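Visitor:
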Amino acid sequence: MSASAIPDAVADFEPHRRHLQGLAYRMLGSWAEAEDIVQDAWLRWRDADRGRVETPRAFLSRTVTRLCLDQLKSARARREEYVGPWLPEPLPDAGSYEAAGAGEIAHDLSVALMLALERLSALERAAFLLHDVFDMPFVEIAATLGRNEAACRQLAARARSRVRDARPRFAVTEQEGARIADAFWLASRAGDVDALRSLLAHDAVLHADGGGKKLAVFRPILGSDKIARFFAGLAKKPSGQFLDAVVTQLNGMPGVLATELDGLPRSTTLEVRDGRIAAIYIVRNPDKLRHVAALPPQPTAPQDDSATH
1 MSASAIPDAV ADFEPHRRHL QGLAYRMLGS WAEAEDIVQD AWLRWRDADR
51 GRVETPRAFL SRTVTRLCLD QLKSARARRE EYVGPWLPEP LPDAGSYEAA
101 GAGEIAHDLS VALMLALERL SALERAAFLL HDVFDMPFVE IAATLGRNEA
151 ACRQLAARAR SRVRDARPRF AVTEQEGARI ADAFWLASRA GDVDALRSLL
201 AHDAVLHADG GGKKLAVFRP ILGSDKIARF FAGLAKKPSG QFLDAVVTQL
251 NGMPGVLATE LDGLPRSTTL EVRDGRIAAI YIVRNPDKLR HVAALPPQPT
301 APQDDSATH
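Here the sequence shown is numbered in full-length UniProt numbering, starting from 1 and rising by one per residue.
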């Protein structure tokens, strides 16, 4: 490729970068891996005979999907060896990675849905995301996956039925989410059991991911009372102390990004249902938080000094 052709390749590629990052992240559950996939797609686009490409977005989506399918083959083996529960890497500023046609924060980035996608086969995941999330016609999906249209429709339908319950049914405004997250953070820092119980749904569940690198509960904690007592105990320990914290949006949901005493970040994402916290997702594995440390969070509510010191 001539040096003069590179600016044209960049100009054609960059408008699609965020779409491609969003697709790869949904496929893999890892922001770091998604960035690597998009970089690989860029190299292939740079070296391609672009004059023969009618629709760059379709070409690039097809390329990223195929690269992700290859990546998932090795990712499955790594997940089987993963220490403790696996959670997707938290994604700040999820609204920048909205799916096609979405008019608000992309709820298809919720942690619950990302976990449901993990339980699908790679082809089911791809068919569902490409059609239901990114509005790709089945004729293009068939070409991408190397299957006929009927098979792709079946893949998407099967996936749809398996993830239906994981899609958020109750929208929470950013302001309400920030209020709940702020109240939760204050109560958890103080170890206030009664305040925590008042914020949690009766059947709330807590998931945590330390990846074997940081301490984290190995099994989900079920029920508002047990979760409240867990945070009350944590507030008395060094692992429950923080240098700073900010309420923000993670995966389109209210959450908190905090810095632990050792300088490493921790994310807490909250799933809210009917005004109460239905699920809490804590990520402490530093390997999953490198991109969070590199991206300054955007606060959604003013912070009380007691929540950050």
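Glycine included, every Cβ here is placed at the ideal spot set by N, Cα and C.
Keep in mind it's a predicted model, so treat the numbers as computed, not measured.
With DSSP collapsed to three states, give me the class of Ile105.
Guide: Counting from one through the sequence shown, the residue named residue 105 turns up at place 105. Because Ile105 carries a pLDDT of 34, less than 50, the predicted location of this residue cannot be relied on, and the following value inherits that uncertainty. Note: Ile105 maps to coil in three-state DSSP.
Visitor: My guess is that Ala201 and Arg266 are in contact by the Cβ rule of under 8 Å, so how many angstroms apart are they, rounded?
Guide: Numbered from its first residue, the sequence shown carries residue 201 at position 201. Numbered from its first residue, the sequence shown carries residue 266 at position 266. About 23 Å; that fails the 8 Å criterion.
Visitor: What three-state label does DSSP hand Asp12 in the structure shown?
Guide: Residue numbering aside, residue 12 sits at position 12 when the sequence shown is read from its first letter. Of the three classes helix, strand and coil, the one that applies to Asp12 here is helix, per DSSP.
Visitor: Locate the alpha helix (DSSP H) running through Leu270, then write down its first and last residues.
Guide: Working through the sequence shown from its first residue, we reach residue 270 at position 270. Counting along the chain, Leu270 falls outside any alpha helix (DSSP H), though it belongs to the beta strand (DSSP E) covering 265 to 273.
Visitor: Any contact between the segment 244 to 252 and the segment 49 to 69? By contact I mean 3 or more CB pairs, one from each, below 8 Å.
Guide: These segments do not touch.
Visitor: Within 10 angstroms of the Cβ of Ser161, are there 16 or more other Cβ atoms? Answer buried if so, exposed if not.
Guide: Here residue 161 corresponds to residue number 161 of the sequence shown, with the count starting at 1. Classification of Ser161: exposed, given that the 10 Å Cβ count is below 16.
Visitor: Alpha helix (DSSP H) containing Gln241: first to last residue?
Guide: The residue you call residue 241 lines up with position 241 of the sequence shown. Segment: none, Gln241 is in no alpha helix (DSSP H) and carries neither H nor E.
Visitor: By Cβ distance below 6 Å, which residues in the same chain neighbour Thr268 in space, the five residues on each side in sequence not counted?
Guide: Looking up residue 268 in the sequence shown gives position 268. Contacts found: Gly255, Val256, Ile282.
Visitor: Among residues of its own chain, excluding the 5 on either side of His16, which ones have a beta-carbon nearer than 7 Å to its beta-carbon?
Guide: Position 16 of the sequence shown, counted from the start, is the residue given in the question as residue 16. Within the same chain, His16 has close Cβ partners Pro56, Arg57, Leu60.
Visitor: Can you give the Cα-Cα distance for Trp31 and Leu264, rounded to whole angstroms?
Guide: Locating residue 31 in the sequence shown gives position 31, where the first residue counts as 1. Locating residue 264 in the sequence shown gives position 264, where the first residue counts as 1. Answer to the nearest angstrom: the Cα atoms are 18 Å apart.
Visitor: Using a Cβ-Cβ cutoff of less than 7 Å, which residues in the same chain neighbour Ala34 once the five nearest sequence positions on both sides are dropped?
Guide: In the sequence shown, the residue the question calls residue 34 occupies position 34. Here the set comprises Gln21, Ala24, Tyr25, Leu28.
Visitor: Measuring only the C-alpha atoms, how far is His131 from Glu14?
Guide: One-based indexing of the sequence shown puts residue 131 at position 131. One-based indexing of the sequence shown puts residue 14 at position 14. Taking the straight line joining both Cα atoms gives about 23 Å.
Visitor: If I follow the unbroken alpha helix (DSSP H) through Met136, where does it start and stop?
Guide: The residue you call residue 136 lines up with position 136 of the sequence shown. Looking at the DSSP string, Met136 is not in any alpha helix (DSSP H), and its letter there is neither H nor E.
Visitor: From the DSSP output, in three-state form, read off Ala127 for me.
Guide: Counting from 1 along the sequence shown, the entry for residue 127 is found at position 127. Here Ala127 sits in helix by DSSP.
Visitor: How many angstroms separate the CA atom of Arg219 from the CA atom of Ser110?
Guide: Working through the sequence shown from its first residue, we reach residue 219 at position 219. Working through the sequence shown from its first residue, we reach residue 110 at position 110. Arg219 and Ser110: Cα-Cα distance of roughly 20 Å.
Visitor: Would you check if the segment 43 to 50 and the segment 79 to 92 touch, i.e. whether three or more CB-CB distances between them fall below 8 Å?
Guide: Result no; under three Cβ-Cβ pairs closer than 8 Å.
Visitor: Tell me whether Gln39 is buried or exposed, calling it buried when 16 or more other Cβ atoms sit within 10 Å of its Cβ.
Guide: Locating residue 39 in the sequence shown gives position 39, where the first residue counts as 1. Classification of Gln39: exposed, given that the 10 Å Cβ count is below 16.
Visitor: For Lys237 and Arg284, which I take to be in contact (beta-carbon distance under 8 Å), what is that distance rounded to the nearest angstrom?
Guide: On the sequence shown, position 237 is the one that residue 237 refers to. On the sequence shown, position 284 is the one that residue 284 refers to. At roughly 13 Å, the Cβ-Cβ gap does not stay under 8 Å, so Lys237 and Arg284 are not in contact.
Visitor: Please classify Leu222 as buried or exposed, where buried requires at least 16 neighbouring CB atoms within 10 angstroms.
Guide: Counted from its first residue, the sequence shown places residue 222 at position 222. So Leu222 ends up on the exposed side.
Visitor: Taking only the alpha-carbon atoms, compute the straight-line gap between Val10 and Asp36 and give it to the nearest angstrom.
Guide: Here residue 10 refers to the residue found at position 10 of the sequence shown. Here residue 36 refers to the residue found at position 36 of the sequence shown. When rounded, the distance between both Cα atoms is 17 Å.
Visitor: Check each candidate in Ala127, Met136, Gln71 and name the one with the smallest Cα separation from Ala157.
Guide: Stepping through the sequence shown from its first residue, residue 157 is reached at position 157. The option with the nearest alpha carbon to Ala157 is Ala127.
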